[in-house]
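Counting the sequence shown from 1 gives a position; this note's numbering is that position plus 6. From the three backbone atoms N, C-alpha and C, an ideal C-beta is built for every residue, glycine too. These numbers were taken from a predicted model, which means no experiment stands behind them. Structure first, then comments.
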Amino acid sequence: MRSNLFDASNQERQTTERWALQSSKLLRCSLNPQAPEIVSASGAMVAYQGQMDFSYQGSGGGMKLLKKMATGEGGDMMRTRGQGEIFYARQSNEIFLIQLEGEALTLNTRNMLAFDSTIQWDIKSLGGAGFMAGGLFNLVLQGQGMVAVTSDGPPMLLDCSQQPTYVDPQAAVCWSANLQPQIKNDFKMSSLVGRGSGESFQLGFHGPGFVVVQPSEGIPAATSS
Numbered sequence: 007m008r009s010n011l012f013d014a015s016n017q018e019r020q021t022t023e024r025w026a027l028q029s030s031k032l033l034r035c036s037l038n039p040q041a042p043e044i045v046s047a048s049g050a051m052v053a054y055q056g057q058m059d060f061s062y063q064g065s066g067g068g069m070k071l072l073k074k075m076a077t078g079e080g081g082d083m084m085r086t087r088g089q090g091e092i093f094y095a096r097q098s099n100e101i102f103l104i105q106l107e108g109e110a111l112t113l114n115t116r117n118m119l120a121f122d123s124t125i126q127w128d129i130k131s132l133g134g135a136g137f138m139a140g141g142l143f144n145l146v147l148q149g150q151g152m153v154a155v156t157s158d159g160p161p162m163l164l165d166c167s168q169q170p171t172y173v174d175p176q177a178a179v180c181w182s183a184n185l186q187p188q189i190k191n192d193f194k195m196s197s198l199v200g201r202g203s204g205e206s207f208q209l210g211f212h213g214p215g216f217v218v219v220q221p222s223e224g225i226p227a228a229t230s231s
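Now the structure itself:
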């Protein structure tokens, strides 16, 4: 049997690294019983080799549970432990690895692919609105470990320290946790534009730090005919 499908470039990448990109759109993670578990987006696993044990990532109770119930953020995560290799992907999106060394990172839940269980996570509201007031919410990760994020297309890194920066909430991938974005409304109700009127407001960033933007507002919501 002959085919370029069997080229060496398509074969599993052999590496001793715990986290490695099999390709720009496929993540390979190695697990063993002594290694930390991996927390991933539910449904992100596309293949694994060896013995794996999957379980629901609980909230830890208390306020975190209430936030998950009220916002839906962080509600679709799984924990994996075992012996072997596991592969993650999301809709052919580009994957990027971020090594946290005690820092904190805020990210859009839909762009979270996986992270080490050694990293602490919480749900934070944006724009100064409390979670019971219907505000915007994202995940904050902090600690020691690796984080894998996705971008629907090649991302753009913006420096927010020189001038105010405004981003469509659906296009924001992640940003410096020290930045406190504010909600900015630019449009009147009679002139909403963009998918699902998503451009009726933006997230405003200004201060020392960065925001990563993807060239997409995500998958359009299904509409009935």
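Between P161 and V179 the beta-carbon gap is near 6 Å, inside 8 Å, which marks them as a contact. In the DSSP annotation of this structure, the continuous segment of the beta strand (DSSP E) that includes I44 starts and ends at I44 to A47.
The residues T86, R87 and G88, in chain order, have a CB closer than 8 Å to that of D59 in the same chain once the five nearest residues on each side in sequence are set aside.
In the displayed model, N191 falls within a strand according to three-state DSSP.
With a beta-carbon spacing of about 15 Å, R34 and E100 fall beyond the 8 Å limit used to define contacts. Burial is judged here by how many other beta carbons sit within 10 angstroms of a residue's own beta carbon; N114 has at least 16 and is buried. The alpha-carbon of P42 is positioned some 11 Å away from that of Q150. R116 sits in a helix when the DSSP states are folded into three classes.
Closest option to S48, judged by alpha-carbon separation, among L27, Q63, T112 and S30: Q63.
Residue pairing of Q89 in beta bridges, as defined by DSSP: Q57.
In this structure S61 is not in contact with Y94, their Cβ atoms being roughly 16 Å apart against a cut-off of 8 Å.
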